[in-house]
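Please read the structure below before turning to the comments.
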Amino acid sequence: MLANANRLTPYLFLAPAAAVMAIALLYPIGYMIYASFLDWNPSQRIGEADWVGLRNYANLLSDAAFRESFWVTIKFAVLVVSIEMVLGVGLALLLDRELRGMTLLRTVFILPMMIAPIVVGLVWRYMYHPTVGTFNKVLNDLGLPSAPWLSDGNWAFASIVIADIWQWTPFIFILSLAALQSLPRSAMEAARIDGATGWQLIWHIKLPLMLPVLIVTALLRLIDAFKVLEVILVMTNGGPGLSTEILALRISRTASEFRELGYAAAMSNLLLILLLFLTLAMFAYTKLTEARAARLAAAKEVEVG
247 MLANANRLTP
257 YLFLAPAAAV
267 MAIALLYPIG
277 YMIYASFLDW
287 NPSQRIGEAD
297 WVGLRNYANL
307 LSDAAFRESF
317 WVTIKFAVLV
327 VSIEMVLGVG
337 LALLLDRELR
347 GMTLLRTVFI
357 LPMMIAPIVV
367 GLVWRYMYHP
377 TVGTFNKVLN
387 DLGLPSAPWL
397 SDGNWAFASI
407 VIADIWQWTP
417 FIFILSLAAL
427 QSLPRSAMEA
437 ARIDGATGWQ
447 LIWHIKLPLM
457 LPVLIVTALL
467 RLIDAFKVLE
477 VILVMTNGGP
487 GLSTEILALR
497 ISRTASEFRE
507 LGYAAAMSNL
517 LLILLLFLTL
527 AMFAYTKLTE
537 ARAARLAAAK
547 EVEVG
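Counting from 247, one number per residue, gives the positions in the sequence shown under the working numbering.
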């Protein structure tokens, strides 16, 4: 009897947290899934909305605006994460050394990540201003014509990409630097003794050892990039046209401007499935890495034995 009580004790301690999670997480998700099968608008209670089954999901397939927003989201997420990974890892490799003032320099690098997204959007919107903005002023001082940063579709997309890279490259930098500083120094010392150059150390020692951390970091950033909203909302509000309207902004506009809550819920569910897939991929890779490390450790023990 006492043994059974001891086994139940951890679950009793977990019960309050599990109940809060069920109420705060599972209930809203269930509510959203249910709403996606309804023709629901803000003037109705959810119980008054008509049941339409899979019609909202079927309409998504023929909705050109949704397809365009989905493509913009994929293009934006892949592009910013790719550039941020290159810049973040490069900065980490560059600053992984003892230099005077390095602590201050590292602190300055991470400041953009600490700024509220609304503030970031406002700052970059003013810098992109066609007449008084910083960028066009610099271009004019150099004798070059002003650029239509936020009034042309291609320029506007490039503008939000630049703003996101500026804000979130520090995230990649911090995790990459932490991974670098945790690498076994013995492997690098052995490579140096064998005559490895600096580039050979990076390509054949540092980057392969950092790879598990870099993949998880990239997946985390990719998940977050799919959810970006405030910066783009403030800078362009999805325009001009649909050139910068990512999926999160399309969902927000569908619910607030077009007043189609059921349709917006269907879009949200598709975004949730996409993010869930990326999250499961991250966990699966982590488990595979741990299993591989365990097999290598076991093999070494057998060799030693």
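Think of the CB as a built atom: it goes at the ideal place given N, C-alpha and C, for glycine as much as any other residue.
Spatial neighbours of residue i in its chain, beta-carbon cut-off 7 Å, leaving aside the 5 residues before and after
i, result
"L507", "A281, W286, N287, P288 and A501"
"M434", "L447 and I451"
"M373", "G379, T380 and F381"
"N386", "S392"
"R245", "This structure does not reach residue 245, given that the chain is present from 247 up to 551, and the question cannot be answered."
"A295", "L284, D285, W286 and G508"
"T525", "I469"
First and last residue of the uninterrupted alpha helix (DSSP H) at residue i
i, result
"A270", "First-last for A270: undefined, no H or E at that position."
"K383", "T380 to D387"
"I406", "G399 to Q427"
"N305", "R301 to S308"
"G444", "G444 to L447"
"A295", "Where A295 is concerned, there is no enclosing alpha helix (DSSP H), given that its DSSP letter is neither H nor E."
"Y372", "P363 to M373"
"I492", "Taken as a continuous stretch (DSSP letters only), I492 belongs to no alpha helix (DSSP H), as it is neither H nor E."
"T353", "M348 to M360"
"V477", "E476 to M481"
"P454", "L453 to A471"
"R505", "From DSSP, R505 is part of no alpha helix (DSSP H); its letter is neither H nor E."
"R343", "From DSSP, R343 is part of no alpha helix (DSSP H); its letter is neither H nor E."
"T438", "With the sequence shown as reference, residue 438 is identified as Arg, and Thr is not the correct amino acid for it. Note, R438: alpha helix (DSSP H), R431 to I439."
Residues near residue i by beta carbon distance below 6 Å, same chain, minus five either side
i, result
"D410", "V326"
"S555", "Past the edges of the chain, shown from 247 to 551, lies residue 555, and the structure says nothing about it."
"L426", "A338 and D342"
"G334", "T415, I418, F419 and S422"
"A437", "L447 and I451"
"V384", "none"
Of the residues the options, the one placed nearest residue i, counting alpha carbons only
i, options, result
"N400", "G487, D440 and E294", "G487"
"V233", "L396, V366, P454 and D440", "Residue 233 falls outside the range modelled here, since the chain spans only 247 to 551, and no answer is possible."
"S498", "T490, A510 and S489", "A510"
"S315", "S489, P358, V332 and Q290", "S489"
"A304", "P458, F529, A512 and L518", "A512"
"I420", "A263, F529, A261 and M359", "M359"
"L424", "L520, P376, L300 and L455", "For clarity, residue 424 is Ala in the given sequence; the question names Leu instead. Measuring from the Cα of A424, the nearest candidate turns out to be L455."
"P458", "S514, I418 and T535", "T535"
"A311", "S397, R301 and G484", "G484"
"I408", "L272, P376, I275 and A323", "A323"
"R313", "P274, L517 and L300", "L517"
"I361", "Q413, W370 and S397", "Q413"
"K321", "F472, R505, L521 and L522", "F472"
"Y277", "A261, T377 and S514", "S514"
"H375", "L357, S405, I356 and F355", "S405"
"A371", "Y257, L396, G347 and A264", "The question names Ala, yet the displayed sequence has Arg at residue 371. The residue with the shortest Cα to Cα distance from R371 is L396."
"I469", "L453, A494, W449 and V384", "A494"
"I279", "E503, W317, L345 and N302", "N302"
"D309", "R496, A530 and A261", "R496"
"F403", "E491, I364 and A543", "E491"
Contact test: residue i Cβ vs the ligand ADP heavy atom, cutoff 8 Å
i, result
"I408", "The ligand content of the structure shown is nil, which means the ligand ADP is not present either."
Paired residues, beta bridge with residue i - DSSP
i, result
"L396", "Answer is none; L396 lacks a bridge partner."
"D285", "D296"
Beta-carbon proximity list for residue i, same chain, < 8 Å, skipping 5 on both sides
i, result
"M331", "I418, L460, T463, A464 and R467"
"P430", "L455"
"L521", "I469, F472 and K473"
Does the structure place the region 329-343 close enough to the region 528-544 that three or more beta carbon pairs sit under 8 Å?
no
Three or more C-beta pairs closer than 8 Å, one from the region 449-464 and one from the region 476-483: is that the case here?
no
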